[in-house]
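Below: one structure, written as structure tokens.
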Amino acid sequence: MRNARQHCIGGEWKTRFGQRGTAAVEFALIASLLFMLLFGIMEMSRILFYWNTATEATRLGARLAVVCNKDAAAIKARMNSMLSLLAPANINIVYAPGGCDINTCRTVTVSITGLNVSTFIPFVPLNLAMPSFSTTLPRESLDSTNPDCN
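Per my numbering, the very first residue in the sequence shown carries number 421; after that it's consecutive.
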């Protein structure tokens, strides 16, 4: 007597549930690819967010440098509040020509170099080096009562 779960197909007895677990294996294969794609999209979005924020931080730093009478430490602190990945060593502020004062400076260049972003991808820890960011603005007042200077 045959088991109740078996039936005859083409003269051979086959197990009715011979394909049992196939759907789970297929789901595991497809889901792993889907999750890898999803994590990749999220990480790329996060890196592009840091890229944009670093660009905006250099613009803010240059704007503060040409409008306000602030020292480099205050400008770096304000840029760091915008992008917490920044260390003071990553930020460079150059007044041109060198050794100028409020009346003789012509331009201010603020740049970010050596910025690295670490990914959160499981089992693949990457440390990506961001490109250098730089903004140069012509001198304005260098001593303003602008509310952004406070």
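Cβ atoms here follow ideal geometry from the backbone N, Cα and C, with glycine treated the same way.
Query: Closest residue to residue 561 among 482, 501 and 544 (Cα-Cα distance); Result: 482
Query: Pairwise C-alpha distance: residue 451 and residue 493; Result: 49 Å
Query: Cβ pair count under 8 Å reaching 3, the region 454 to 468 against the region 487 to 505; Result: no
Query: Distance, residue 500 Cα to residue 557 Cα; Result: 20 Å
Query: Contact between the region 516 to 523 and the region 533 to 543 (3+ Cβ pairs under 8 Å); Result: no
Query: Short Cβ contact (9 Å threshold) for residue 532 with residue 459; Result: no
Query: Start and end residues, alpha helix (DSSP H) containing residue 444; Result: 442 to 487
Query: C-alpha distance - residue 548 paired with residue 525, whole-angstrom precision; Result: 36 Å
Query: DSSP state of residue 536 mapped onto helix, strand, coil; Result: strand
Query: Top-ranked residue by Cα proximity to residue 505, from 449, 523 and 472; Result: 472
Query: C-alpha gap between residue 469 and residue 440, whole angstroms; Result: 45 Å
Query: N- and C-terminal bounds of the alpha helix (DSSP H) containing residue 500; Result: 492 to 502
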